[in-house]
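All remarks here apply to the structure that follows.
Now the structure itself:
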């Protein structure tokens, strides 16, 4: 058929510029998915501390031992202020803690303020941490002194109390499909918009150029059939893109050959139809191929941030989600969250199908808008 031949002829010419988009965005999808770790590992960090004990009493020695426990003790070759500042600036040491003379006596009277000085780089974690452990220790020691303990015993008890540990177990959200596939499907919304609009809209704009329109008009096909053929060949194009991306996901993560996996396939396919409709409308309305990239960024990033692609839907405000309901990607993400158990959603087959049905309504509306706009476009003489 003349229309389909013309489309694929233009598409073949644009293919070299489409393939890099496909490769780049698929790599981005895999990288973004890889950054969504299934497990988070936390371990304590050792600080490089210099502790100067000018009091040299049993109490101050207990404090010094407490400060250095679990950290690395460092020494200074000079007490010159400029030298110390250089050591801190170049991160050769994390903190210089000085216990002033009279610390033990002041602990007895409760006048310990200012008798321990921590020199660190301001407004850093080390600064906050150093002051925190010192304040916690001194407060505990003063409490024991007030109950009748001598300074040395109070410092020992304070150190023992500070050594008390609690096992903390972090609970991470894990999808029944596996986090890799779940997040791949989530980021698919952003990726497919970028690929389809950047890849398809320039082809269609060239296809709607006056020269090619006149060649098509030579045929005896009525306009609605020409538009139907255009929709058909564009659907074949995006189906190939969708299949390629799903094959990559299956090869990388697996999981599509399950009930949830089939819903993922259906959901992503319907979204691809929606994006096809967006690309069709953009191709008719956009005046210049150079403007496609900017339009794509606005649509892809705007819907991704508003609808829960980049930020989990359960962290978005109620006002944002209310506005996002008028966008197709919102319903795609809602269905994906129910399928994969993300963002606090639970698996609900009826809810999934309702969300997919809303996506289909968006697709139908976009194709209808395209038919109306293309009718006007086909009759333009410029």
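In the numbering used here, the protein residues as written are 80 to 461.
Think of the CB as a built atom: it goes at the ideal place given N, C-alpha and C, for glycine as much as any other residue.
- By the Cβ criterion, the stretch 220–232 is not in contact with the stretch 371–378, since fewer than three pairs of Cβ atoms, one from each stretch, lie closer than 8 Å.
- Burial check for residue 259: the Cβ neighbour count within 10 Å reaches 16 or more, so the residue is buried.
- Restricting attention to 410, 132, 396, 101, the CA atom closest to the CA of residue 327 is found in 101.
- The secondary-structure analysis by DSSP pairs residue 174 across a beta bridge with 128.
- Burial is judged here by how many other beta carbons sit within 10 angstroms of a residue's own beta carbon; residue 95 has fewer than 16 and is exposed.
- Contact annotation: the stretch 136–143 does not touch the stretch 158–168, with fewer than three C-beta pairs closer than 8 Å.
- In this structure, residue 349 lies near residue 435, with their beta-carbon atoms less than 7 Å apart.
- Residue environment: residue 455 is assigned as exposed (fewer than 16 neighbouring CB atoms within 10 Å of its CB, all protein chains considered).
- Proximity of the stretch 425–442 to the stretch 402–415 meets the contact definition, three or more beta-carbon pairs being nearer than 8 Å.
- Following the DSSP letters along the chain, one finds residue 195 inside the beta strand (DSSP E) bounded by residues 195–198.
- Using a C-beta cut-off of 8 Å, the stretch 304–313 makes no contact with the stretch 323–340, since fewer than three inter-stretch Cβ pairs fall below that distance.
- Linking residue 197 to residue 206 through their CA atoms gives a straight-line distance of about 8 Å.
- Around the C-beta of residue 152, fewer than 16 other C-beta atoms lie within 10 Å, and the residue is accordingly described as exposed.
- The residues 360, 363, 364, in chain order, have a CB closer than 8 Å to that of residue 452 in the same chain once the five nearest residues on each side in sequence are set aside.
- Following the DSSP letters along the chain, one finds residue 161 inside the alpha helix (DSSP H) bounded by residues 160–168.
- With a cutoff of 7 Å on beta-carbon distance, residue 343 and residue 418 are scored as near each other.
- For residue 392, there is no enclosing alpha helix (DSSP H), as DSSP marks it with neither H nor E.
- Bridge pairing for residue 152: 128 [DSSP].
- Inter-residue distance for residue 368 and residue 208 is about 55 Å (C-alpha atoms, whole angstroms).
- For residue 146, the uninterrupted alpha helix (DSSP H) segment begins and ends at 137–147.
- An exposed status is given to residue 188, since fewer than 16 other beta-carbon atoms sit within 10 Å of its beta-carbon.
- Rounded to whole angstroms, the gap between the alpha carbons of residue 287 and residue 313 is 13 Å.
- Comparing C-alpha distances from residue 423 to each of 178, 392, 220 shows the shortest one belongs to 392.
- The DSSP-derived three-state label of residue 366 is coil.
- In this structure residue 320 is buried. Its beta-carbon is surrounded by 16 or more other beta-carbon atoms within 10 angstroms.
- A straight line joining the alpha-carbon of residue 238 with that of residue 169 spans about 31 Å.
- Straight-line spacing of the CA atoms in residue 442 and residue 315 works out to 16 Å.
- Judged by beta-carbon spacing, residue 220 lies within the 7 Å limit of residue 233, meaning their Cβ atoms are closer than that value.
- Taking the Cβ atoms as the reference, residue 282 lies roughly 19 Å from residue 448, outside the contact range of under 8 Å.
- Sequence-distant partners of residue 166 (beyond 5 residues in either direction) whose C-beta falls short of 6 Å from its own C-beta, in its chain, are 172.
- In this structure, residue 379 and residue 273 form a Cβ contact; the two beta carbons are roughly 5 Å apart against a cut-off of 8 Å.
- Beyond the five residues adjoining it in sequence on each side, residue 341 comes within less than 8 Å, by CB distance, of 335 in the same chain, given in chain order.
- By the neighbour-count definition (other C-beta atoms within 10 Å, threshold 16), residue 356 is a buried residue.
- With 16 or more other Cβ atoms inside 10 Å of its own Cβ, residue 134 counts as buried.
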